[in-house]
Every structure is written in structure tokens, then in C-alpha cells.
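In full-length UniProt numbering, the protein residues as written are 1 to 560. Every residue, glycine too, gets a C-beta built ideally from N, C-alpha and C. All of these numbers come straight from a predicted model, not from anything done at the bench.
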């Protein structure tokens with residue numbers, strides 16, 4: 001557990017605008033900042049960030065929160081990891097142990113990585129070492145990747161038992177299944193998160209009869225395949241320095257390039273690039289060169305990746321390889337210079353499409369153009385999307401109207417979420433919003449209102465929090481409130497409509513008078529028929545009304 005004081009210190013020191021602007025293009029709008037929402041597809045910006053309140057809110061999908069919750073949602077981090085990342089950015093050191101459960105999983109994976117690495121140096125790993133030599137993979141130049149070998153004979157279970165690691169942990173991480181070791185006769189690629197912890201493994205069979213050829217760890221509490229890029233932990237600083245990243249398909253592609261000087265690579269884990277992986281690489285560079293295999297599946301994977309990368313505000317280039325070739329094969333066959341030239345001659349993705357469209361059949365051409373249009377339809381930034389529509393119309397001799405019609409016919413995966421019309425705020429809700437926004441009014445309100453004047457228990461609780469500590473942060477208030485409060489109050493809070501002290505005081509007195517009117521009605525109903533009691537109720541109410549209207553605040557006009 002992280003101490004509450006440390007969490008609050010991180011929130012206080014972190015600049016939420018600085019954090020979110022690393023992922024989203026923010027534009028200043030008065031006191032706030034605005035952008036297209038990163039959490040749903042939209043064409044008009046409805047995502048707002050308030051530096052004053054240290055929070056974000058989308059008027060479309062209603063997502064809201066602080067810098068920590070933004071990172072958790074955007075990067076799919078758990079709470080401790082998000083806090084640690086933000087703490088590091090402001091120079092704070094925080095112990096973020098994930099509890100014994102997660103620590104045990106990390107420790108187990110790291111023990112497994114040590115075992116596999118050890119096997120590669122022993123007699124039991126002779127076949128694995130020979131396989132790497134045949135592939136011209138120099139493990140001495142790739143030490144930071146901690147390659148290993150899982151022997152056919154097994155041995156992991158015994159090794160782990162000697163270390164006191166339970167079978168339950170091995171099962172949970174996918175290292176064993178039904179009492180048998182999952183990785184056998186495979187080269188092992190440990191997969192690291194950005195903190196340098198081993199979260200999973202990839203394995204490549206060394207014989208043709210081993211199926212599947214490539215095998216990854218199953219997802220676990222510490223491993224989500226679509227949220228990590230192989231090699232990024234080792235190459236991210238090189239990527240940042242080059243302001244360029246080469247995106248390759250496989251483990252061996254990356255390792256071959258790395259040991260031949262292309263040390264700014266990353267690779268999806270045997271799957272198509274995901275949105276989270278695209279966002280991840282965009283944190284380190286705004287230029288990505290896709291270097292996938294030259295076969296049909298590699299080309300299709302490149303086409304799918306382009307749209308995701310563009311939406312991450314990345315300039316996308318593509319390196320075209322000869323038919324049926326891959327980067328690793330080119331290097332092993334001695335065509336390193338050919339590969340270097342291909343990387344140097346990488347073209348932007350539109351020129352890549354233009355080349356692809358020059359196919360033998362009209363059907364293939366139409367399919368590729370439709371793929372391009374579908375990719376354009378996923379671009380969130382309306383200005384960028386419009387530019388690409390115009391460019392596509394010019395390059396492929398198609399009218400803009402036809403492109404837009406095709407886009408409408410093939411809606412993108414993320415639905416456009418229509419902004420819901422917000423119901424009008426109650427007087428009590430409006431008062432609370434002003435009190436949260438203008439803390440100097442709390443002392444005025446305290447003289448007039450008690451918490452019992454709020455019928456809504458949610459508003460009553462917030463008022464009590466403000467009266468107890470008028471310096472309490474918006475974030476703390478929201479943390480202690482329920483979903484109803486979030487839905488009703490955060491949007492108006494972000495609008496931050498100004499009000500003068502006079503205006504607030506008038507609204508305050510008007511609200512108090514209406515509360516007292518309701519109380520009077522209840523009291524009169526209770527004493528109905530008792531003229532003396534009725535008179536006392538009326539007299540008491542008139543006296544209170546006189547006091548309220550005679551308040552000595554400057555320029556206050558009592559409501560009629």
C-alpha cells in the first residue's frame with residue numbers, strides 16, 4: 001500500500017496539463033484546455049482539462065478524473081504503477097509494491113528467466129545454443145535481452161521447487177499446465193515491462209515438428225499482451241534519442257536489427273499492433289518506420305498498424321522489403337546493406353499505399369483503396385482526417401464525396417458518443433458547485449446554511465467536507481462522493497461559470513429562504529387548528545426572513 005500522504009503529494013506536485021499533453025494535443029480555452037477525447041471517437045472536441053482543479057472531464061463519454069486515473073485509463077496501468085510513474089516525473093521515490101501476491105508473480109517470472117538463461121550456458125542447452133548460432137544470433141551482443149532455452153527434458157519445476165516457489169504460481173503465469181512445463185525445446189525471450197520486471201515469455205520452437213512455432217505466455221495479473229512491446233524496455237532511450245522507431249514483427253527480427261546497429265526497434269508480441277501499443281511507442285517518438293515482412297500477411301499487418309499510429313499523432317513511414325523476405329532473413333543471408341538502403345528509403349504511408357494500389361487486378365486495387373478509406377475513417381483529429389481525404393481523392397482520382405460515403409458505410413470500431421443534454425441543476429447543486437470553485441464563499445455560506453438545509457445527502461456530505469476544511473481539493477471531494485455526484489457536478493464544475501460575491505450571496509439567501517418556506521409549510525401543517533402555534537411559526541419565519549434581508553454584506557439585494 002502507498003501512504004495516502006505520498007499520493008496526495010504526487011497529486012499536488014504533478015502538472016495535469018503537462019501529463020495529459022504527452023498523449024493528447026491540448027489547446028487552451030480560457031482557464032481550461034480542450035482536446036478530442038482519447039477514450040472515444042468524436043469529431044468535435046469535448047475533452048477538457050482544468051489545471052486549477054487538477055482534473056479532466058469529457059462531456060461526451062463522461063470519463064473524468066485526475067492525472068493518476070488518466071494514466072490508469074490511457075496506459076492501462078494499475079494504481080501503484082501510475083502513482084510511481086508520476087512520482088518519478090516529479091522526482092519523488094515511492095515504494096509501490098503490488099502486495100505479496102503480485103510480488104510473488106514478478107519474482108517467479110524472474111526466477112524462471114534465470115533458469116532458462118542458465119540452461120543456455122549448460123550442456124542441457126547445447127541444442128538451443130546451436131540453433132542460435134545457425135541463425136547468427138550473438139547472445140554476447142544481446143545480453144540485456146537475457147535470452148534463454150527451455151530444454152526438452154524439462155527441469156523448471158524442480159528448479160522452482162528448490163527455490164520454494166509454488167505450483168499455483170507457475171500455473172497462474174502459464175509456465176506449467178496440468179503439471180507439465182509449457183515451454184519445451186524452445187528459445188526463450190523474456191518480456192520486460194517498462195520498469196524492467198519480467199512479466200511474461202515468448203518461446204520459439206527449435207524443431208519444425210514443434211507446434212505452434214511461436215508461443216507466448218498467457219495473460220496474467222501482470223501480463224497483458226496487447227499492452228507491451230517486445231524490446232521497448234531495452235531500446236526506448238535509443239528511440240528517444242533518434243526520435244525514430246523501427247517497428248518489426250517478430251523477436252528475431254528485432255534481435256537481428258539490434259545486433260547490427262539498429263538499436264531503436266520494438267515489436268508487437270506476435271499479434272497485430274494494438275491501440276495501447278501504438279500509444280506506448282508514441283511516448284518516445286513521433287516518427288515510426290514500419291518494417292514488416294514482405295509477404296501478404298506482413299503487408300496487411302502494416303496497413304492495420306498505420307491507422308493506429310496516425311491516431312497516436314505519429315508520422316508513419318513504411319520500409320518495403322522484397323517479396324517473402326523479412327529483416328532477420330535479409331541479415332542472415334548477408335544482405336545487410338540492402339536492408340540498410342531499404343530503411344533509408346522508407347516512404348510515408350501514402351506513397352506506400354500508392355505503390356500497393358498498382359496491382360494486377362481491379363478487385364485488388366479496390367480492396368486496397370477501401371482499406372485506406374477505412375483507415376482514414378478512424379482518424380480522430382478532424383483536421384488531419386480532412387487533409388487525408390483530400391490527399392486520397394487526389395492520389396487515387398476519387399471524389400471526396402465518394403470517400404466520405406464509403407466512410408459512412410463502414411463505420412469505425414469506436415462509436416461516436418453523442419453528448420447527452422444535461423438536466424438543469426438544482427439550486428442546491430449550483431450552490432455546492434460555486435462553493436467548490438470559490439472557496440472564499442465558504443465562510444459566508446457557513447453563517448447562513450447548516451448541512452441539514454441540503455435535502456440531498458450527497459450535497460450535504462460535500463458541504464460538511466467544505467465546512468470542515470475549505471482547502472480540501474476537488475479530487476478529495478470527488479473521491480469521497482458517489483457516481484451520482486460525478487455525473488451531476490463534474491461537467492458544470494469544468495465550465496467554471498463565474499459569479500460575483502454579490503451574486504453568490506443573493507443565491508445563498510434565496511436558497512435559504514426557500515428552505516425555510518418549506519419548513520414553515522411542514523410546521524403549519526403539523527400545528528393546523530392551533531391558532532397560537534400557527535402564529536408562533538409565522539412570527540419565527542418573518543423574523544428569520546428579516547434577518548436574512550438585512551444582512552450587512554455590501555450590495556446584497558434580498559430576493560422578493
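What do you get for residue i, buried or exposed, if any count of 16 or more other CB atoms within 10 angstroms of its CB means buried?
| i | result |
| --- | --- |
| residue 542 | exposed |
| residue 362 | exposed |
| residue 225 | buried |
| residue 216 | buried |
| residue 53 | buried |
| residue 153 | exposed |
| residue 290 | buried |
| residue 90 | exposed |
| residue 38 | buried |
| residue 186 | buried |
| residue 68 | buried |
| residue 391 | exposed |
| residue 229 | buried |
| residue 234 | buried |
| residue 14 | buried |
| residue 397 | exposed |
| residue 197 | buried |
| residue 366 | exposed |
| residue 376 | buried |
| residue 249 | buried |
| residue 243 | exposed |
| residue 87 | buried |
| residue 151 | buried |
| residue 55 | buried |
When you compare only the Cα positions, how much space is there between residue i and residue j?
| i | j | result |
| --- | --- | --- |
| residue 59 | residue 188 | 47 Å |
| residue 330 | residue 246 | 16 Å |
| residue 441 | residue 500 | 10 Å |
| residue 148 | residue 120 | 5 Å |
| residue 213 | residue 132 | 15 Å |
| residue 458 | residue 451 | 11 Å |
| residue 142 | residue 438 | 58 Å |
| residue 135 | residue 118 | 20 Å |
| residue 251 | residue 273 | 14 Å |
| residue 277 | residue 469 | 42 Å |
| residue 66 | residue 27 | 18 Å |
| residue 370 | residue 378 | 13 Å |
| residue 269 | residue 305 | 14 Å |
| residue 111 | residue 155 | 13 Å |
| residue 512 | residue 462 | 17 Å |
| residue 426 | residue 475 | 22 Å |
| residue 420 | residue 46 | Reliability of the predicted coordinates at residue 420 is poor, the pLDDT of 49 falling under 50, and no value is obtained from them. |
| residue 20 | residue 70 | 8 Å |
| residue 337 | residue 325 | 14 Å |
| residue 76 | residue 12 | 22 Å |
Taking only three categories from DSSP, how would you classify residue i?
| i | result |
| --- | --- |
| residue 244 | coil |
| residue 41 | strand |
| residue 289 | strand |
| residue 65 | strand |
| residue 116 | helix |
| residue 174 | coil |
| residue 190 | strand |
| residue 366 | helix |
| residue 252 | helix |
| residue 445 | helix |
| residue 315 | strand |
| residue 307 | helix |
| residue 273 | coil |
| residue 155 | coil |
| residue 28 | strand |
| residue 503 | helix |
| residue 264 | coil |
Measure from the alpha carbon of residue i to the alpha carbon of each residue in the options, then state which is nearest.
| i | options | result |
| --- | --- | --- |
| residue 107 | 496, 449, 170 | 170 |
| residue 348 | 316, 38, 80 | 316 |
| residue 281 | 135, 314, 545, 461 | 314 |
| residue 17 | 461, 81, 50 | 50 |
| residue 138 | 340, 465, 256, 431 | 256 |
| residue 207 | 494, 478, 184, 455 | 184 |
| residue 406 | 345, 373, 396, 300 | 373 |
| residue 162 | 24, 196, 115, 145 | 115 |
| residue 84 | 150, 7, 322 | 7 |
| residue 561 | 177, 368, 382 | No answer is possible for residue 561: it lies beyond the span of the chain, which begins at 1 and ends at 560. |
| residue 102 | 130, 220, 82 | 220 |
| residue 350 | 389, 340, 435, 130 | 389 |
| residue 356 | 320, 344, 525 | 320 |
Q. In chain order, which continuous runs of the alpha helix (DSSP H) of length 4 or greater are located wholly inside the segment 370 to 405?
A. 382 to 396
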